Each structure stands twice: as structure tokens, then as C-alpha cells.
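Listed in order, the protein sequences are those of chains W, F, G and L. Anchor point for the first sequence: position 171 equals 170 in numbering that gives the first Met the number 0, and the numbering is continuous, going up by one each time. Anchor point for the second sequence: position 15 equals 14 in numbering that gives the first Met the number 0, and the numbering is continuous, going up by one each time. Anchor point for the third sequence: position 152 equals 151 in numbering that gives the first Met the number 0, and the numbering is continuous, going up by one each time. Anchor point for the fourth sequence: position 76 equals 75 in numbering that gives the first Met the number 0, and the numbering is continuous, going up by one each time. To start, the structure under review is shown below, and the notes come after it.
Number of protein chains: 4
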Amino acid sequence: MGQAAPVSTNHQEKLERLLELSAEIFADKGYHNTSIRDIARASGVSLAGLYYYFRSKEELLFRIQERLLRTVLDDLRRRLDDVHDPRERLRIFVHSHLRVFAQRRPAMKVLVHEYDSLTGEHREHIRALRHEYMETCLGILRDVRRFCGSGDAVVLRVAAFALFGMMNWTYTWYRPEQDVSVERLAEQLYRLFLGGFLRSGDAGRHLDRCAEPLGPGDAPWRS
Amino acid sequence: MGQAAPVSTNHQEKLERLLELSAEIFADKGYHNTSIRDIARASGVSLAGLYYYFRSKEELLFRIQERLLRTVLDDLRRRLDDVHDPRERLRIFVHSHLRVFAQRRPAMKVLVHEYDSLTGEHREHIRALRHEYMETCLGILRDVRRFCGSGDAVVLRVAAFALFGMMNWTYTWYRPEQDVSVERLAEQLYRLFLGGFLRSGDAGRHLDRCAEPLGPGDAPWRS
Amino acid sequence: MGQAAPVSTNHQEKLERLLELSAEIFADKGYHNTSIRDIARASGVSLAGLYYYFRSKEELLFRIQERLLRTVLDDLRRRLDDVHDPRERLRIFVHSHLRVFAQRRPAMKVLVHEYDSLTGEHREHIRALRHEYMETCLGILRDVRRFCGSGDAVVLRVAAFALFGMMNWTYTWYRPEQDVSVERLAEQLYRLFLGGFLRSGDAGRHLDRCAEPLGPGDAPWRS
Amino acid sequence: MGQAAPVSTNHQEKLERLLELSAEIFADKGYHNTSIRDIARASGVSLAGLYYYFRSKEELLFRIQERLLRTVLDDLRRRLDDVHDPRERLRIFVHSHLRVFAQRRPAMKVLVHEYDSLTGEHREHIRALRHEYMETCLGILRDVRRFCGSGDAVVLRVAAFALFGMMNWTYTWYRPEQDVSVERLAEQLYRLFLGGFLRSGDAGRHLDRCAEPLGPGDAPWRS
DNA sequence: AATGAATGAGGGTTCATTCAT
DNA sequence: CATGAATGAACCCTCATTCAT
């Protein structure tokens with residue numbers, strides 16, 4: 000009677016604490032430069048004890064990335080739910096991304112910086128989630144353009160990557176505690192991007208030597 | 000005067016070939032995931048032989064980054080030499096950066112991705128060169144703003160990082176051979192940035208919780 | 000009187016199932032290459048649960064060997080009970096050994112292949128049972144010889160080991176389902192051995208450098 | 000001028016010393032129960048230093064087995080070279096096998112006992128060599144039978160395995176220093192086998208329930 | 001009677017680096 | 001200049017085993 004399955008909950012909680020902690024260490028020293036022993040030491044769990052929670056170091060990395068991506072995607076979907084104005088949707092996208100970045104900095108750095116450290120199925124799995132996120136972004140941009148001008152696929156793709164670049168690069172310099180607030184950062188990046196995006200048109204088209212259309216990139220951010 | 004130290008030249012050439020090759024491998028597998036043996040194997044030089052050219056693995060990483068940064072800075076200075084129009088200077092900055100990125104992709108990825116892998120003096124040295132580069136960028140942005148509007152330091156800083164983010168992030172997705180040409184990419188990013196930069200003003204200022212004054216605001220974006 | 004401890008019976012049954020299963024796995028992968036976890040997985044019992052049935056991995060190995068040896072010895076004694084013809088006794092010995100081999104292949108392989116994996120008292124205990132079995136065999140051979148010729152102890156010993164070699168080696172090649180029937184295999188080995196045994200005499204005696212007397216020689220084989 | 004490549008020779012010598020030593024330890028403690036550290040300790044070479052000579056523990060096991068098998072096969076071929084009498088050829092086979100067994104006991108035990116510890120290509124390679132050896136044996140037995148009686152394939156196969164069993168099993172009990180001389184052991188086993196082989200005919204044929212002929216087994220001793 | 005959680009010890013292997021030649 | 005040979009330290013991971021429940 001009363002609460003059910005407290006054991007499982009306990010396990011889940013401890014696991015999440017370990018994910019959080021590991022993300023911090025990976026973010027700090029880099030995945031390959033972090034030893035499982037480092038994590039054992041920091042967590043107070045024995046070396047072997049960790050393997051009760053993850054099958055391998057790479058699975059640990061994978062779980063960190065997957066958990067964050069799911070959070071990001073869920074959060075975004077919820078926020079976009081009943082918003083229809085294209086620019087407002089873009090604004091929400093930028094703000095949501097950066098807010099999560101600020102709140103979960105270590106995991107975000109790991110997600111952005113250590114994608115290449117994954118291999119095999121782990122990588123494939125994360126690639127798929129990143130792809131989904133990228134598609135969401137491209138959809139929004141398409142709507143903005145349809146509303147305000149032409150929607151060249153190549154231009155859209157470059158713009159999307161530019162936007163991700165602006166946002167993701169923050170992990171190299173932005174510290175929420177020392178810099179401007181996330182809200183203001185997000186707003187500035189949003190306006191910076193939107194301002195240029197709306198007027199960029201098919202910039203430099205005439206310069207391009209490759210004629211063929213590129214089609215939708217298979218790379219999410221980059222596979 | 001006699002022969003000008005042909006041995007030395009030979010040495011220099013071989014060293015540069017090794018730097019290039021190592022950059023490729025580091026870019027491909029990551030610095031920490033690459034072993035000196037990998038480099039020995041790929042170069043045909045014996046394991047011990049490599050240590051004639053570098054004192055340590057980290058020095059190898061350092062040389063790759065330093066060499067590229069010097070190239071970038073020199074190239075940029077030369078191109079900016081007698082150009083005075085602020086926007087044209089910004090345009091040159093963007094194009095120069097991306098052209099080098101495209102021409103020396105492996106080294107660029109290493110420069111961008113493996114900065115944290117440096118320690119001690121090596122890191123400090125590279126930090127200084129990066130700082131110099133950043134200052135050049137900020138100087139250009141300041142000029143653009145002075146020409147066209149207010150030049151809030153915080154806004155400038157965020158804009159500069161946004162620009163770097165857009166450009167540096169390309170290492171994760173842009174392939175010169177498969178994507179749009181570098182020229183077009185550069186032009187689009189330049190316009191995207193400039194368009195937003197010129198109209199972004201002190202976006203979101205009222206949202207900010209930080210107290211410090213930011214200079215006279217201009218018209219809100221939405222008006 | 001009442002019920003005869005049904006719990007205990009349950010326990011005994013489960014234990015025997017575990018012995019059987021473990022024998023299979025040990026036979027397949029080798030004792031040292033098998034982990035307790037493998038056994039837990041295969042049996043569906045939890046890792047810790049297994050330790051209710053055995054005190055240690057080695058005790059598990061010991062029980063497998065001991066159980067089989069007792070079976071073999073009991074079976075043999077029963078079959079030899081009222082048989083007095085020496086050759087018939089030998090025949091029974093061979094058939095019995097090989098029949099058990101065929102019926103309990105995994106355990107037999109473990110018994111033959113993993114004797115060295117035992118240590119201390121476990122090893123000593125099994126050694127004693129094996130010795131008993133060997134003595135039974137030697138006794139039979141002695142009778143055969145006494146019946147048909149001289150009974151040199153050395154010759155007997157070598158012959159006994161030869162017989163065991165022929166029989167035990169079957170674990171490396173004989174598969175009851177694919178090869179000749181056990182009956183035929185047993186009969187052929189029996190005749191092969193008996194044929195040679197009866198005529199081998201003190202073969203090669205003159206070749207031997209050992210000085211110890213070997214008893215009166217009989218006619219050379221070639222005569 | 001003078002001797003060529005002394006370095007290579009040195010390397011080869013050291014490697015062979017390591018093979019020999021490792022064979023002893025594997026024979027003594029078993030392959031899976033021996034750690035590379037044990038070998039390092041016994042050889043005086045550092046742990047990492049060993050990996051200059053073998054790529055892996057399994058390759059070490061493989062080399063031990065391969066080296067011995069090549070020795071055995073070469074030796075046997077040389078001895079059989081100009082001998083034509085079938086019985087003499089059989090005699091040479093048995094003597095050769097046991098002499099090598101006695102001279103290289105540790106390696107022989109490893110070859111016989113640790114075949115299952117090999118995997119993948121290593122195993123396949125050894126399997127092929129064992130097969131070649133087995134075929135040589137079968138060829139000899141066929142000749143003996145053709146000379147003296149019928150040559151049933153199944154009987155031959157069983158006889159061959161019986162012979163191998165007699166000989167290989169010696170690793171479990173025979174100590175050249177304490178037992179009869181190798182020559183005498185070989186002679187006795189040879190006569191024991193030949194005596195039975197020549198008179199065994201198609202023993203127990205009528206007992207067999209499986210009718211189909213077995214054809215030449217693919218297993219050497221047992222793959 | 002059974003298990004989830006945990007651990008110390010040790011496994012095979014790779015690493016950056018050195019040094020005599 | 002260049003290398004073959006060697007090493008100490010550290011890596012990730014698995015092991016048999018225990019103990020509170």
C-alpha cells in the first residue's frame with residue numbers, strides 16, 4: 000500500500016545523477032580525455048559499480064546525448080503547439096534552444112562537441128534525432144520565407160546551418176552567470192538572424208559555379 | 000655565397016608535410032583518439048623518427064594550430080591593407096575566413112575543435128593569437144556600427160561571436176566539393192549577418208536583468 | 000512419518016538441473032572462460048541466487064565431476080557384479096564407460112578436460128575417485144593377462160592408459176547423433192584394444208634404457 | 000660482408016624463447032588461467048614489451064600451436080620419405096609423434112588441450128594443419144589395411160581416432176623422466192594398436208543402427 | 001529462497017615516450 | 001637522421017563474490 004516500486008525510482012534517480020555528473024566531466028575534459036576512473040572518483044561510486052548503470056563508456060556518452068535531445072525536442076514541440084505565426088515560431092525556436100543550452104550547459108557542450116565520438120548504432124540513433132530537430136528548424140524557416148519571399152532550398156539550408164552555428168557556438172564563449180541574460184542573448188540572435196534572413200534573398204547566386212540543386216541535406220547538423 | 004642550407008629546407012618541407020598529414024588525421028579521428036602510431040603508419044616514418052620533428056604529441060597539435068592562425072592573420076592583414084569602407088572590410092573578413100576554411104579544412108577543424116586539448120603555454124600562445132583575430136573582427140564591426148548606428152560593446156561582442164559561430168560551425172556540415180561554392184557561401188553568410196547586424200540595434204535590451212548601461216537605444220525592431 | 004520433505008526434493012531437483020546446465024556451458028566454453036553470469040543468464044536464476052546452491056564457482060565444477068564419477072563407478076559395479084569371465088569384464092568396462100560418455104557428454108568432457116582446473120581439497124577428492132576407477136580398470140586388465148599370459152605391471156599401466164586414451168579422446172571427435180552408434184564404437188574399441196593387448200607382450204623391452212627388472216619376458220611379438 | 004641481418008636473428012631467437020616459455024606456463028596453468036602478466040614476470044620482459052612480439056594473447060597461443068604442428072609435419076615427412084612398407088610407416092608415425100611429444104611436452108599439451116581456446120582465423124588455420132596430419136595418418140592406416148585385409152572407411156576413422164587418443168592422452172600421465180623410455184612407450188603403443196587393428200575387422204558391424212556411410216570426416220582430430 | 005546493488009582485484013591491451021645504435 | 005626495441009602508466013572492462021533486504 001502506498002507508493003509503488005521505490006527501488007526502480009531510486010535506480011532511475013541515481014542514474015540521472017550520474018548522467019548529469021558525467022556530462023559535466025565530459026564537458027570539462029573532453030570525452031576521450033576523461034577516464035571512467037575520473038567519473039568513479041567524482042561520483043563516489045566504485046569503478047565496477049558504474050558498470051551496473053552503463054554497459055560501456057560510449058553508452059554513457061550516448062545516454063547523455065539522447066536524454067538531452069529528447070528533452071529539447073519535447074520542450075520545443077510543447078512550446079510550438081498552438082503558435083502559428085511563422086516569425087513567432089522562429090522566435091520560440093531560438094529561445095527554446097538557447098534556454099536549454101543555458102540550463103544544461105554541460106550536456107549541451109557534450110551533445111555539440113562529442114557527436115563524432117559516437118560510433119555504430121549509437122551514432123546512428125543520435126544522428127536520427129538530430130535530423131528530426133534540423134527538419135523542424137527547416138520547416139519553420141520555410142514558413143517564414145513563404146510568408147515573406149522565395150524559399151530556395153539551398154539558401155534555406157545554409158541559413159539553417161548559420162542559425163545553428165550562431166546558437167551552438169555559444170558553448171565556446173557564453174557563460175550565463177557572467178554574460179548577458181539568456182533572454183537577451185536569444186532575442187539578439189533571433190533578431191540578428193531574422194533581419195538578415197528576410198533580406199538575404201538568393202544572395203550571391205550569380206557567383207555560384209555549381210548549377211545542380213542540392214535537395215534536402217541528409218545531414219542533420221552534420222552526420 | 001655557396002649553397003643555402005639545403006638540408007634545412009628539406010627538413011622544413013618534410014615537417015610541413017607531417018603537419019598537414021597529422022592535421023588530416025586529427026580532424027578525422029579527433030586529437031585524443033589519434034595515436035602517434037597512427038601518424039607514423041600514415042606517414043611512413045617510424046614511430047621514434049617522428050620525435051625528431053616534434054618534442055611531443057601536444058607540440059604537434061600546437062604547431063598545426065599556430066601555423067594556420069599565422070596564415071589566417073597574415074592573409075587577412077594583406078587583404079585589408081588599403082580597404083577603408085567598413086562594410087567592404089567586413090566582407091573581406093568573412094570571405095577570407097571561409098576561403099581559408101575551405102582550403103585548409105583539416106587544420107581548421109583542428110583549430111576550432113581541439114583548442115581545449117592544449118594545455119599550459121601552448122594553450123596560452125594560441126589563446127593570444129585567437130584574441131588578436133577576435134580583436135580584428137571586433138574592430139571591423141565597430142567601424143560598421145559607427146558608420147551606421149550606435150556601437151554598444153555588449154551588442155558588438157555578441158554579434159562577433161555570432162559571426163564566428165556561423166563561420167566556424169561550417170566545419171560540421173560544409174564540404175566544398177559537394178555544397179555551394181565557397182564564394183557563394185561566404186556571400187550569403189556575409190549578407191545574412193550584415194542584414195541583421197545593421198538593424199538589430201540593442202535588441203531585447205529591456206529584457207535584460209543586468210544593470211549596466213548600454214548606451215542610447217535605437218528604434219525597436221518591430222516598429 | 001508424514002510427508003518426506005518436499006521442499007528438500009525441490010531443492011535437489013533444481014540443483015541437479017543447474018549442474019546439468021552448467022556442465023553444458025563449461026563443456027562448450029571451457030571452465031575458465033565461463034562466467035557465473037553466463038550460468039545465471041542461461042538458467043534464468045539471478046547471479047546472487049546461484050550462490051544459494053554452490054559456495055563458489057569451483058565447488059560447482061567439483062560437484063559436476065563428483066556426481067558423474069559416482070554415477071560411473073556405481074553403474075560399473077552393478078554391471079560387473081556377477082560376471083567373472085575376464086574378457087567379458089573388460090568388455091563391460093569399455094561399454095559402460097562409453098555409454099556414459101555418450102549419455103552425459105557435457106559432464107564427461109568437463110570431467111576429462113577440466114580436472115586441472117580444480118585445486119586443493121576438491122582436486123584431491125576427485126583424484127581419489129579417479130584413482131579408484133583406474134584401479135578397477137587395472138584389476139580387470141590384470142585378470143585378462145593372468146588368464147592369457149604374463150602380467151607385467153609396467154605393461155599393464157601403459158595399456159590401461161592407452162585404453163583410457165582411446166576412450167576419453169572420443170570427447171574431441173565423437174558425436175552420438177552423427178557417428179556410428181555407441182554400441183558399435185564400444186565394440187570396435189574393445190576389440191581393437193583386446194586384440195593388441197593379448198599379443199603385445201613386453202613389447203620393446205630390449206629398447207628400454209631403464210634398468211629396473213620387469214619380470215620374465217615372453218616371446219617377442221614377431222616370432 | 001660477413002653475416003647478414005644479425006638483428007633479425009636476434010629477434011627471432013628471443014621470440015622463440017618466449018614461445019617456449021609461454022608454452023610451459025600455458026601447459027602448467029591452462030591458457031585462460033594464465034595472465035600475460037604471468038608471462039611477463041617469468042620472462043623478465045615488461046608487460047608492454049611482450050606486445051612487440053605478439054599482437055595478442057591469442058596470437059601467442061596460435062604461434063605456439065602452429066610452430067609445433069609445422070615441426071611435427073616436417074619431421075614426419077622427412078622420416079617417411081623413402082619408407083614403403085606399410086607397417087614400418089605406421090611404426091614411424093607412432094614413434095615420431097611420441098618422440099616429439101616427449102621432447103616438446105609443454106607445447107604438445109597446449110596443442111592438444113587448448114585447441115578450443117582459439118577462435119576465428121587462428122582456429123581455422125590450426126584446424127587445417129591438424130586435418131593435414133590426420134589425413135597422413137589415415138593414408139598410412141589405409142595402406143596397412145589394403146595390405147592385410149579390408150579397408151572400411153568407418154573402421155579406419157575410428158581406428159585413427161583411437162590411435163590419436165592413445166597417443167595424445169599421454170599428456171595426462173606420461174613423464175619421460177619418470178616413466179618408461181619414449182622408445183619403449185612408442186613401441187608398446189604401436190604394437191598394441193597394430194595387433195588389434197589387424198584383427199579387428201569390421202567389429203560390431205551388425206550392431207550398428209545407422210546404415211549410411213560416413214565418408215571422410217572433416218574433423219582432423221576434431222575441429 | 002532469492003535478488004538488486006555494489007565492489008576489489010585483476011584481466012588484456014594501448015599509450016606517449018625513450019634510448020642505444 | 002632514423003629506427004628497433006622497450007617500458008611505466010594508464011586505459012576500459014569483467015570477474016567472482018558479498019550483503020542488505
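Quick reminder that beta carbons are idealized off the backbone N, C-alpha and C, glycines included. It should be emphasised that the depicted structure is a prediction, and the values quoted were computed from it without experimental measurement.
(1) For my contact list, residue 136 (chain W) and residue 197 (chain W) are in at a C-beta cut-off of 8 Å; report their separation, rounded to the angstrom.
(2) Report the residue from W:43, W:139, W:77 and W:182 whose alpha carbon sits nearest the alpha carbon of residue 13 (chain W).
(3) Under the three-state reduction of DSSP, which class applies to residue 103 (chain G): helix, strand or coil?
(4) DSSP on residue 114 (chain W), reduced to helix/strand/coil?
(5) Below 9 Å between beta carbons is the criterion; list the residues of the segment 178-198 of chain G that meet it against any residue of chain L, in chain order.
(6) Please classify residue 177 (chain F): does DSSP put it in a helix, a strand, or coil?
(7) In the DSSP assignment, find the alpha helix (DSSP H) that holds residue 71 (chain G) and state where it starts and stops.
(8) Could you name the residues of chain W that residue 158 (chain F) contacts, counting a contact when the two beta carbons are closer than 7 Å?
(9) Which same chain residues end up closer than 6 Å to residue 109 (chain F) when comparing Cβ atoms and leaving out the 5 residues on each side of it in sequence?
(10) Here's the rule I'm using: 16 or more other beta-carbon atoms within 10 Å means buried, otherwise exposed. How should residue 33 (chain W) be labelled?
(11) Evaluate residue 191 (chain W) with the Cβ neighbour count: other Cβ atoms within 10 Å of its Cβ, from every protein chain shown; 16 or more gives buried, anything less gives exposed.
(12) Please determine, among G:117, G:74 and G:144, the residue with the shortest C-alpha to C-alpha distance to residue 98 (chain G).
(13) In three-state terms, what does DSSP make of residue 84 (chain G)?
(14) Spatial neighbours of residue 41 (chain W) within its chain, please: C-beta separation below 7 Å, excluding the five flanking residues on both sides.
(15) Counting only beta-carbon atoms, is residue 99 (chain W) nearer than 7 Å to chain F?
(16) In chain order, what residues of the same chain lie with their CB nearer than 8 Å to the CB of residue 58 (chain W), ignoring the 5 residues before and after it?
(17) Can you name, in chain order, every residue of its own chain whose Cβ lies under 7 Å from the Cβ of residue 173 (chain F), other than the five neighbours on each side?
(18) Measure the CB-CB distance between residue 78 (chain W) and residue 95 (chain W) and report whether it falls below 7 Å.
(19) Alpha carbon to alpha carbon, how far is residue 36 (chain W) from residue 133 (chain F)? Give it in angstroms, no decimals.
(20) What is the DSSP secondary structure of residue 10 (chain G), reduced to helix, strand or coil?
(21) Write down the C-beta distance between residue 88 (chain W) and residue 139 (chain W) rounded to the nearest angstrom, noting that I regard them as a contact closer than 8 Å.
(22) Where does residue 215 (chain G) fall in DSSP's three states?
(23) Compute the distance between the beta-carbons of residue 194 (chain W) and residue 195 (chain F), then report whether it is under 7 Å.
(24) Regarding residue 143 (chain L) and the ligand NAD, is the C-beta to nearest heavy atom distance less than 6 Å?
(25) To which residues of the same chain is residue 223 (chain G) closer than 6 Å at the C-beta, ignoring the five residues directly before and after it?
(26) List the residues of chain G whose Cβ lies closer than 7 Å to the Cβ of residue 153 (chain L), in chain order.
(27) In angstroms with no decimal places, state the Cα-to-Cα distance between residue 101 (chain F) and residue 181 (chain F).
(28) Kindly provide the ranges of any beta strand (DSSP E) runs that are 3 or more residues long and lie completely inside the segment 118-190 of chain F, ordered along the chain.
(29) Answer with buried or exposed for residue 51 (chain L), where buried requires no fewer than 16 other C-beta atoms within 10 angstroms of its C-beta.
(30) In whole angstroms, what is the alpha-carbon distance linking residue 165 (chain L) and residue 164 (chain G)?
(31) Anything in chain F within Cβ reach of residue 47 (chain W), meaning under 8 Å, just list it in chain order.
(32) Quick check on residue 106 (chain L): buried or exposed, where buried means 16 or more other Cβ atoms within 10 Å of its Cβ?
(33) In chain L, which residues lie less than 7 Å from residue 121 (chain G) when you measure between Cβ atoms?
(34) For a test of the three-state rule: what should DSSP assign to residue 195 (chain G), helix, strand or coil?
(35) Compare the beta carbon distance of residue 170 (chain L) and residue 116 (chain L) with 7 Å and say whether it is the shorter of the two.
(36) Is there a Cβ of chain F sitting closer than 7 Å to that of residue 164 (chain W), yes or no?
Taking the geometry as given:
(1) As a first step, residue 136 (chain W) must be located in the first sequence, where it is residue number 137. As a first step, residue 197 (chain W) must be located in the first sequence, where it is residue number 198. In this structure, residue 136 (chain W) and residue 197 (chain W) do not form a Cβ contact; the two beta carbons are roughly 16 Å apart against a cut-off of 8 Å.
(2) Locating residue 13 (chain W) in the first sequence gives position 14, counting from the first residue. Residue W:43 is the option with its Cα nearest to residue 13 (chain W).
(3) In the third sequence, residue 103 (chain G) corresponds to position 104, counting from 1. Residue 103 (chain G) falls in the coil class under three-state DSSP.
(4) If you number the first sequence from 1, residue 114 (chain W) lands on position 115. Per DSSP, reduced to three states, the secondary structure at residue 114 (chain W) is helical.
(5) Cβ contacts with chain L come from 178, 179, 180, 182, 183, 184, 185, 186, 187, 188, 189, 190, 191, 192, 193, 194, 195, 196, 197 and 198.
(6) Locating residue 177 (chain F) in the second sequence gives position 178, counting from the first residue. Looking at residue 177 (chain F) - three-state DSSP - the assignment turns out to be coil, as it is neither helix nor strand.
(7) For the purposes of this step, residue 71 (chain G) is taken as residue 72 along the third sequence, with counting starting at 1. If you look at residue 71 (chain G), you'll find it in the alpha helix (DSSP H) that goes 56-79.
(8) Position 159 of the second sequence, counting from 1, holds the residue named residue 158 (chain F). Contacts between residue 158 (chain F) and chain W, judged by CB atoms closer than 7 Å, involve 191 in chain order.
(9) Taking the first residue of the second sequence as 1, we reach residue 109 (chain F) at position 110. If we look at residue 109 (chain F) and ignore the five residues flanking it on each side, its Cβ neighbours are 22, 25, 26 and 63.
(10) As a first step, residue 33 (chain W) is located in the first sequence; it is residue number 34 there, counting from the start. So residue 33 (chain W) ends up on the buried side.
(11) Position 192 of the first sequence holds residue 191 (chain W). Burial state of residue 191 (chain W) is buried, judged by a 10 Å Cβ sphere holding 16 or more other Cβ atoms.
(12) By 1-based counting over the third sequence, the position of residue 98 (chain G) is 99. Of the candidates G:117, G:74 and G:144, G:74 places its Cα closest to the Cα of residue 98 (chain G).
(13) Numbered from 1 along the third sequence, position 85 holds the residue referred to as residue 84 (chain G). Correct three-state label for residue 84 (chain G): coil.
(14) For the purposes of this step, residue 41 (chain W) is taken as the residue at position 42 of the first sequence. Answer for residue 41 (chain W): 20 and 24, listed in chain order.
(15) Position 100 of the first sequence holds residue 99 (chain W). So, not an interface residue.
(16) By 1-based counting over the first sequence, the position of residue 58 (chain W) is 59. The residues are 121.
(17) Residue 173 (chain F) sits at position 174 when you count from the first residue of the second sequence. Sequence-distant Cβ neighbours of residue 173 (chain F) in its own chain, meaning closer than 7 Å and more than five residues away, are 184.
(18) Position 79 of the first sequence, counted from the start, is the residue given in the question as residue 78 (chain W). Position 96 of the first sequence, counted from the start, is the residue given in the question as residue 95 (chain W). Closer than 7 Å, so yes.
(19) Counting from one through the second sequence, the residue named residue 133 (chain F) turns up at place 134. Counting from one through the first sequence, the residue named residue 36 (chain W) turns up at place 37. Computed Cα separation, rounded: 37 Å.
(20) Within the third sequence, numbered from 1, the residue matching residue 10 (chain G) stands at position 11. In the three-state scheme derived from DSSP, where H, G and I count as helix and E and B as strand, residue 10 (chain G) is classed as helix.
(21) Start at 1 with the first residue of the first sequence, and residue 88 (chain W) comes out as number 89. Start at 1 with the first residue of the first sequence, and residue 139 (chain W) comes out as number 140. With 8 Å as the limit, residue 88 (chain W) and residue 139 (chain W) qualify as a contact, their Cβ atoms being about 5 Å apart.
(22) Working through the third sequence from its first residue, we reach residue 215 (chain G) at position 216. Reliability of the predicted coordinates at residue 215 (chain G) is poor, the pLDDT of 33 falling under 50, and no value is obtained from them.
(23) Mapped onto the first sequence, residue 194 (chain W) falls at position 195. Mapped onto the second sequence, residue 195 (chain F) falls at position 196. Yes, the Cβ-Cβ distance between residue 194 (chain W) and residue 195 (chain F) is below 7 Å.
(24) Annotation note on the ligand NAD: not contained in the displayed structure, which lists no ligands.
(25) Limits of chain G in this structure are 0 at one end and 222 at the other, which puts residue 223 (chain G) out of reach.
(26) Residue numbering aside, residue 153 (chain L) sits at position 154 when the fourth sequence is read from its first letter. Within 7 Å Cβ-Cβ: 179.
(27) Along the second sequence, read from residue 1 onward, the residue named residue 101 (chain F) stands at position 102. Along the second sequence, read from residue 1 onward, the residue named residue 181 (chain F) stands at position 182. One C-alpha to the other measures close to 7 Å.
(28) Listed in chain order, nothing qualifies, since the segment 118-190 of chain F has no complete beta strand (DSSP E) run of 3 or more residues.
(29) The residue labelled residue 51 (chain L) in the question sits at position 52 within the fourth sequence. With fewer than 16 other CB atoms across the displayed protein chains lying within 10 angstroms of its CB, residue 51 (chain L) is exposed.
(30) The sequence position of residue 165 (chain L) within the fourth sequence is 166, counting from 1. The sequence position of residue 164 (chain G) within the third sequence is 165, counting from 1. Straight-line Cα distance between these residues: approximately 4 Å.
(31) Mapped onto the first sequence, residue 47 (chain W) falls at position 48. None at all; the shortest Cβ gap to chain F is about 24 Å.
(32) Mapped onto the fourth sequence, residue 106 (chain L) falls at position 107. Around the beta carbon of residue 106 (chain L), a 10 Å sphere encloses 16 or more other beta carbons of the protein chains shown; the residue is thus reported as buried.
(33) Within the third sequence, residue 121 (chain G) is the residue found at index 122, counting from 1. For the C-beta of residue 121 (chain G), not a single chain L residue is nearer than 7 Å; the gap to the nearest is close to 15 Å.
(34) Working through the third sequence from its first residue, we reach residue 195 (chain G) at position 196. When secondary structure is reduced to three states using DSSP, residue 195 (chain G) falls in the helix class.
(35) Taking the fourth sequence and counting its residues from 1, the one referred to as residue 170 (chain L) is at position 171. Taking the fourth sequence and counting its residues from 1, the one referred to as residue 116 (chain L) is at position 117. Contact flag unset, no.
(36) In the first sequence, the residue the question calls residue 164 (chain W) occupies position 165. Output row for residue 164 (chain W): interface = yes.
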